[in-house]
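Have a look at the structure below, then the notes.
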Amino acid sequence: MMLNINEAIDPATEIIASKPTPEPLPELPEVTPFNYDFLPAAIRAYVRDISERMQCPPDFAAVNTYVMLSSPIGCKIGIKPKRRDGWIVISNLWGVTIGGSGVMKSPNRSEVLKPLKQFQIELQREVYERNVQLVNSGEEEKLRQAAKKSQAKKMLKNDLAADISEFLNNDSNNSQEVETAPRFITNDATAEALGQLMIDNPNGILYEADELIGLLKNLDKQGQEGARAFYLTAADGNQSYTIDRIMRGTNLHIESACLSIIGGIQPGVLGEYVREALSGGAGADGLLQRFGLMVYPDISPKYEYIDRFPDKQARDIVNDLVRKLHNLDVVAIATIGEYSKTPYLQFDDAAQEVFIEWISKHETRLRTCDDHPAIVSHLSKYRKLVPALALINHLCDSEEKSVSKAALLHALAYCEYLESHMRRVYSYGTQPSIDAAKSVLTRLKKGKLNNPFTVRDIYRKCWTGIDTPKKAEAAIAVLLEYGHLLRNEVLTDGRPSATYHWVKS
1 MMLNINEAID
11 PATEIIASKP
21 TPEPLPELPE
31 VTPFNYDFLP
41 AAIRAYVRDI
51 SERMQCPPDF
61 AAVNTYVMLS
71 SPIGCKIGIK
81 PKRRDGWIVI
91 SNLWGVTIGG
101 SGVMKSPNRS
111 EVLKPLKQFQ
121 IELQREVYER
131 NVQLVNSGEE
141 EKLRQAAKKS
151 QAKKMLKNDL
161 AADISEFLNN
171 DSNNSQEVET
181 APRFITNDAT
191 AEALGQLMID
201 NPNGILYEAD
211 ELIGLLKNLD
221 KQGQEGARAF
231 YLTAADGNQS
241 YTIDRIMRGT
251 NLHIESACLS
261 IIGGIQPGVL
271 GEYVREALSG
281 GAGADGLLQR
291 FGLMVYPDIS
301 PKYEYIDRFP
311 DKQARDIVND
321 LVRKLHNLDV
331 VAIATIGEYS
341 KTPYLQFDDA
351 AQEVFIEWIS
361 KHETRLRTCD
371 DHPAIVSHLS
381 KYRKLVPALA
391 LINHLCDSEE
401 KSVSKAALLH
411 ALAYCEYLES
421 HMRRVYSYGT
431 QPSIDAAKSV
441 LTRLKKGKLN
451 NPFTVRDIYR
461 KCWTGIDTPK
471 KAEAAIAVLL
481 EYGHLLRNEV
491 LTDGRPSATY
501 HWVKS
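Heads up: the sequence shown at position 81 corresponds to 81 in the numbering used here, and the numbers run straight through without jumps.
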């Protein structure tokens, strides 16, 4: 027997005998607005041009550009934040852009990364041409040696005592090996393959994930504990790592495991990872917290149609910058310490004073604040993030041998902005059903959902974020808590069935 909701439920006036007063659903925390002055001067026009032409938040392009530039810098040079201590920071970055579907996360990243990808293609072409010449010269050398041997044989036929030494001399003492073109980016790789890439490219590698959820889920799988540990180590940028697989015959030693990551993710699917980090689950090992460049901006409801050519000057500056960072003469600008394998720069006197003041306040804050441990863990990663960003800012804008106060101040301002986005993300993780509840409420107001309704009425619509029974139930629970719904149980074939009535405010 099918349940007729309208017949099974008493009139609404009887159901809502003690009608609650609906309370507003909580909003996501506000975030600090983006400011182009956060960035080094060399990349501001580039970030602005792409953001305006694509009509997407500049927050996305800024993160993508920073991570792109961290790749050619890699681990060839670091920054030593303290004057005497041996602590050295590598500027490899992990970034994630967060937003719903259709907000241009992937197209923006593709546009930003063009200079690095084009440079990689150019290097591969140059190496290919040199290798072809090398192979051809090798064939010529073989023919030359064969001709000399033939001439020597003729001489010996005529005179067994003939001096043939000049024909047996091997002139190919300057033999060269075939080159391997450098790689900057990979889109999909196992931990072992990633390790091999790092051996072949000792400066490090950038992992570009179109949907970061795929990488995160893969690292969550049983049996991937070793891969997860490898990623955590490679986030530091200057730690050695050895992979041994007896059954597979894999024995890899990486002198400096240096990994940068960039990708996009939707808020809903990110929520479960944030909850893991907050609840002490698998996500509490610090993997999520290493995504220091984490932005979740508001999307403007306004759209402006823009059709113009890309800013050639801005693009050329970034093209040249990528090449400059790849070919950086670290010997000329950096110091190599007695106990350090990584060349490094240091802050100038003015910047050093600012850093000492900041790190002292930051460490005190970490020890005394009452934030959730996962948030404290995230903030602790700013020990690396601040000097890493300062180094990138400096290498973009200056030829000096010391990192300036201006470069550090830009980094500090950007990190303050990033903290507001981080707090929004973690807040979203603690209340993952708020958006789903808002979605249900919006559809009730628009008449797209019957009133009263059941859980099944929601998830069978396949609306984004509430397309499963579990998600629909979670959204309903929030609406009940804030007084927007009343629950009524009816018996259907002897079994209880819940229906929900919207309490209009």
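Here a beta-carbon is modelled for each residue, glycine too, at the ideal position from N, C-alpha and C.
Check: Report all residues from its chain with a CB closer than 8 Å to the CB of Q239; omit the five preceding and five following residues, and keep chain order.; Outcome: T233, S256, A257
Check: Looking at the unbroken beta strand (DSSP E) that takes in Y518, where does it start and where does it end?; Outcome: For residue 518 there is no data in the structure shown, the boundaries of the chain being 1 and 505.
Check: Return the CA-CA distance between N174 and E126, expressed in angstroms with no decimal places.; Outcome: With a pLDDT of 48 at N174, under the threshold of 50, the modelled position of that residue is not reliable, and no figure is offered here.
Check: Under the DSSP definition of a beta bridge, which residues are partnered with D236?; Outcome: Per DSSP, none; premise fails for D236.
Check: Considering I434, what are the terminal residues of the alpha helix (DSSP H) in which it resides?; Outcome: 434–445
Check: Between which two residues does the alpha helix (DSSP H) holding P72 run?; Outcome: 58–73
Check: Below 8 Å on the Cβ atoms is my contact criterion, and I expect L206 with I262 to pass it. Report the Cβ-Cβ distance as a whole number of Å.; Outcome: 7 Å
Check: Could you tell me the distance, in whole angstroms, from the CA atom of D200 to the CA atom of T180?; Outcome: 8 Å
Check: What does the alpha-carbon distance come out to for the pair H394 and H410?; Outcome: 10 Å
Check: In or out: R424 buried (at least 16 other Cβ within 10 Å) or exposed?; Outcome: buried
Check: By the DSSP assignment, the alpha helix (DSSP H) with Y459 in it spans what residues?; Outcome: 455–459
Check: Express the C-alpha separation of P496 and E489 in angstroms, rounding to a whole number.; Outcome: 6 Å
Check: Taking the alpha-carbon positions, what's the D467 to N451 distance?; Outcome: 19 Å
Check: Hey, how far is the Cα of I5 from the Cα of G100?; Outcome: Reliability fails at I5, whose pLDDT of 47 lies under 50, so the model's placement of it is uncertain and no value is given.
Check: Let me check understanding here. Comparing Cα to Cα, which of E225, D320, A334 lies closest to K401?; Outcome: A334
Check: Could you spell out the range, first to last residue, of the beta strand (DSSP E) harbouring G78?; Outcome: 78–80
Check: Only counting the same chain, and skipping five residues up and downstream in sequence, which positions put a Cβ closer than 8 Å to that of E14?; Outcome: Caution applies to E14, whose pLDDT of 49 falls short of 50 and renders its modelled position unreliable; the model cannot decide the point.
Check: For N251, count the other beta carbons within 10 Å of its own beta carbon; 16 or more makes it buried, fewer makes it exposed. Which is it?; Outcome: exposed
Check: Among N203, K149, N327, I213, which has the Cα closest to the Cα of R91?; Outcome: At residue 91 the sequence reads Ser, which differs from the Arg that was named. Ranking N203, K149, N327, I213 by Cα distance to S91 puts N203 first.
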